[in-house]
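J.: Just so you know, we're using my numbering here: the sequence shown kicks off at 1 and counts up by one.
By construction, the Cβ of each residue, glycine as well, lies at the ideal position given by its N, Cα and C atoms.
Supplied in structure tokens, the structure appears directly below.
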Amino acid sequence: MVINPTFLAQRTRQSVNWHDAQRRVLKSYREWIRSAPEIQSMYSLSIPVPALRTKMRQEFERHRYVNQIQVVDTLLFQSHAEYQETLNYWKQLPHILKYFRAEEDPTARRPTNFMSGFLEASLSTLPSPLPCLSTTNEQNLGPQLNALLSFVS
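In structure tokens form, the structure reads like this:
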């Protein structure tokens, strides 16, 4: 399959009125729904097509009650950019699977800020603290020193 970057390109434009915005949203929704089988085969997903379509619908439903036409236009632009990147195979598998993370791992959550997410990921991949410390000493040291010991070992 030859990838043509301009195949799905569209000119950015604003909606004239709410009827025009609604028509454009429905067109975008239909494009996503119709492309679900192609996305599944292109990315070799083990997720069934109905599950892909359900997730696509959920993403559109998240913004159902937006009541500013400029916001709708921005969401349409972002949706089409995602659609173009997905069908031109400019994404990798993790970019597609990020939408299914909540179903895969119910305890999955986004970190509250960058540092907490960075430290959480860093500390989970490091080996356990120094073996010379007993568990009773570790409990008395406090969380900051335990984190420091995790970095040292």
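Quick one: what's got a C-beta closer than 6 Å to Q14's C-beta in the same chain, skipping five residues either side?
T.: D73
J.: Name the residue from R109, A81 and H95 whose alpha carbon lies nearest to the alpha carbon of E31.
T.: A81
J.: Short of 6 Å in beta carbon distance, which residues of its chain neighbour S79, apart from the five on each side in sequence? Order them along the chain.
T.: S28
J.: By how many angstroms is the C-alpha of Q68 removed from the C-alpha of W90?
T.: In a straight line, the C-alpha of W90 is about 31 Å away from that of Q68.
J.: In the structure shown, what three-state DSSP assignment does V49 receive?
T.: helix
J.: Alpha carbon to alpha carbon, what distance is there between S116 and S134?
T.: Below a pLDDT of 50, predicted positions are generally treated as unreliable, and S134, at 49, falls in that range; no measurement from the model is reported.
J.: Enumerate in chain order the residues of its own chain whose CB-to-CB distance from N113 is below 8 Å, with the five nearest sequence positions on each side excluded.
T.: none
J.: Between the Cα of K55 and those of R109, A102, P5 and F7, spot the shortest distance and give me the residue it belongs to.
T.: A102
J.: Would you report the Cα separation of K98 and A36, rounded to the nearest angstrom?
T.: Roughly 16 Å separates the two Cα atoms.
J.: Between F118, I33 and L87, which has its C-alpha nearest N4's C-alpha?
T.: By alpha-carbon distance to N4, the top candidate from F118, I33 and L87 is L87.
J.: Can you list, in chain order, the residues of its chain with a C-beta nearer than 7 Å to that of T12? Leave out the 5 residues immediately preceding and following it.
T.: Excluding residues within five positions, the ones whose Cβ falls inside 7 Å are F77.
J.: Any idea if V16 is buried or exposed, counting beta-carbon neighbours within 10 angstroms, 16 or more meaning buried?
T.: exposed
J.: Which residue comes first and which comes last in the alpha helix (DSSP H) that contains H80?
T.: H80 -> alpha helix (DSSP H) spans I69 to L87.
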